[in-house]
Every structure is written in structure tokens, then in C-alpha cells.
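These notes concern the structure reproduced below.
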Amino acid sequence: MSFNSQIQAVAYCRTPYKQKFGIPRQPGLVSAARGFVELAPPFNQIDAVRGLEQYSHLWLLFCFHENLAAGWKTTVRPPRLGGNEKLGVFATRSTFRPNGIGQSVVKLHGVHTHKGKVSLEISGMDLLDGTPIIDIKPYIPFSDAITDAKGGIAQEAPVLVDVSFSEKAQQQLESYQQNPDYPRLAELIEGVLAQDPRPAYKKAKTDPKLYQVALYDLDILWVITEAGIEVTELRASQV
Ligand code: SAM
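With the working numbering, letter number 196 in the sequence shown gets 337, and the count goes up by one each step, no holes.
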């Protein structure tokens with residue numbers, strides 16, 4: 142039985158993540174990721190967010206819009222299990238879901254209203270830039286934080302790898318440090334790469350490949366080393 146609902150985007154998320162590769166698997170893993178939830182007409186009314194500033198965190202319900210066309214399957218291969226084992230789609234946080242809905246808790250830094258624009262300043266999101274937001278709710282610790290809950294295959298945060306910067310990358314980084322368009326860039330790069338974004342099946346091998354993640358309008362190039370991950374270069378995005 143389907144129901145007729147006019148679900149529409151109430152906002153769009155602006156994030157540093159311009160491609161899916163490299164986005165953390167869950168929110169809160171890279172707190173240096175700063176962005177905004179920009180409310181869309183006709184929801185961009187100051188009254189609609191009145192009192193929101195009294196909460197420290199928000200739930201964002203959103204649409205995995207870049208995966209909708211791919212549809213969904215009853216079972217998926219969670220990356221955490223190395224891509225080998227299958228679980229039911231509802232037993233995972235897969236991005237390929239019947240209604241394509243995701244949910245993330247993010248930190249709220251401020252509510253900005255200016256000339257008809259209403260935007261929520263946030264951090265720690267795991268969303269692609271431009272992701273449609275279908276609902277915004279305050280996080281309520283007494284009922285949302287269940288400290289003794291069992292986390293199944295996702296009981297612990299991912300193990301982090303060491304991230305270093307080549308001399309060239311370090312110099313390039315310094316030229317961005319004071320630029321307000323790239324807030325906390327070094328921490329963001331470190332936080333994203335410490336998750337080792339490669340697919341699980343790649344992680345076992347030594348890997349000579351040159352990788353790239355897109356953050357803001359930059360391509361961050363990196364390689365795998367004995368010690369972990371080395372950032373080799375930052376360059377203006379080729380996209
Ligand atoms: N916290 C959410 C949840 O549990 O529903 C999302 C978890 S999902 C595993 C996080 C991944 O979704 C990110 O690493 C990224 O690859 C993907 N993603 C984020 N925004 C997306 C979008 N708009 N369309 C498709 N995939 C997206």
C-alpha cells in the first residue's frame with residue numbers, strides 16, 4: 142500500500158564534500174567539516190526556526206539524491222564487512238534504500254537569517270554538497286542518546302590511519318590556512334583521510350595508486366605509505 146505524500150526538500154545542505162568518495166561513513170567522524178543547511182522557499186521563514194538555537198545538535202533527514210536512480214536491493218554488502226557478506230538493506234545504513242532516505246545528527250553552530258535567507262551553520266555532517274534535506278528536527282538527548290544500545294556490525298567508529306603531508310603539500314596548505322573559504326582545512330583533510338576512504342577490498346594490499354578526494358574546490362592528492370597516508374599535493378579542482 143503506498144501513500145500519497147508531497148515530500149519535498151525543505152532545505153539543501155552545503156558541505157565541503159563535492160564527490161561521494163571520501164565522505165565519512167557516518168556523521169561526527171570529521172568534526173572539522175563545516176557547512177550550512179539553507180532553507181528553501183516556502184520554508185525559509187524565520188518563524189520556522191524560532192527556538193532552534195537552544196539545541197546543540199540537529200537531526201537531518203535527507204535524500205541520497207545521487208543514488209536514487211540506481212534503485213535498491215533487498216540485501217547489500219556493507220563496506221565494513223569487506224564487501225563480502227550480505228545483510229538486509231534494513232539492517233544497514235546503505236545509501237541505496239527503497240525511499241532513499243538518510244538521517245544524520247549534526248552539531249548546530251548558529252541560525253543565520255538575512256534578507257529572506259535562513260541558514261543553519263553546522264559541522265560534522267556526512268552529506269554530499271547539495272543534498273536535499275526533507276526534514277530538520279532538534280536532537281533530544283534524553284530519548285535519542287541510548288548509551289547501552291547494541292550497534293551490530295557498527296559497534297565502534299572506524300580505526301584511523303596516520304596522515305602526513307609532503308613538504309610541497311605542507312607549503313600549499315599554508316597558503317590556504319588564513320582563507321575563510323576553507324575553514325579548518327588541515328583538520329578536514331586529516332579527518333577525512335584518517336578514515337582511509339578506499340573500498341575495504343583495497344585496504345589489504347600495498348597500493349601504488351595516486352588517490353584524490355575533492356574538498357571545497359580543491360583536489361587533495363594522496364598515496365598509501367608504510368606509515369599510513371601521505372598527502373602529496375593540493376590543487377584547484379579539475380572538475
Ligand atoms: N548518516 C546517514 C544514515 O545513516 O542514513 C548516512 C550514512 S551513509 C553510509 C553516508 C554516505 O552516504 C557518505 O559516505 C556518502 O558516500 C553517501 N552520501 C552522502 N550524501 C549523499 C547523497 N546526497 N547522495 C548519495 N549518497 C550520499
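The beta-carbon is built from N, C-alpha and C at its ideal position, and this holds for glycine as well.
Please read all numbers here as calculations on a predicted model, not as lab measurements.
Worksheet entry | Near the ligand SAM: Thr215 beta-carbon under 7 Å from a heavy atom | no
Worksheet item: According to DSSP, what are the bridge partners of Lys258?
Response: His255
Fill in: Span of the beta strand (DSSP E), counted from its first residue to its last, around Gly176
Arg175 to Leu180
Discussion item. Looking at His198: is its Cβ nearer than 8 Å to the Cβ of Val246?
Written reply: yes
Worksheet entry | DSSP-derived helix/strand/coil call for Glu207 | helix
Discussion item. Is Asn185 a contact residue of the ligand SAM, with contact defined as CB to any heavy atom under 7 Å?
Written reply: no
Item to complete: To the nearest angstrom, report how far apart Val372 and Ala286 are at their CA atoms.
Response: 36 Å
Worksheet entry | Residue range of the beta strand (DSSP E) that includes Asp276 | It spans Thr272 to Pro279 - the beta strand (DSSP E) in which Asp276 sits, taken as one unbroken run.
Worksheet item: Counting contacts by CB-CB distance shorter than 8 Å, is Arg376 in contact with chain C?
Response: Any reference to chain C falls outside this structure, which holds one protein chain only.
Item to complete: Return the chain-ordered list of same chain residues with a C-beta closer than 8 Å to the C-beta of Thr347, the five sequence neighbours on each side being excluded.
Response: When the five nearest sequence neighbours on each side are left out, the beta carbons in the same chain lying within less than 8 Å of the beta carbon of Thr347 are those of Ile365, in order along the chain.
Worksheet item: What residue ranges within the region 294 to 332 form continuous alpha helix (DSSP H) runs of no fewer than 4 residues, ordered along the chain?
Response: Annotation: the region 294 to 332 contains the following complete segments of the alpha helix (DSSP H) (minimum length 4 residues), in chain order: 308 to 318.
Worksheet item: For Lys159, which option in Glu367, Leu359 and Ala368 has the closest C-alpha, if you only look at C-alpha atoms?
Response: Closest option to Lys159, Cα to Cα, is Leu359.
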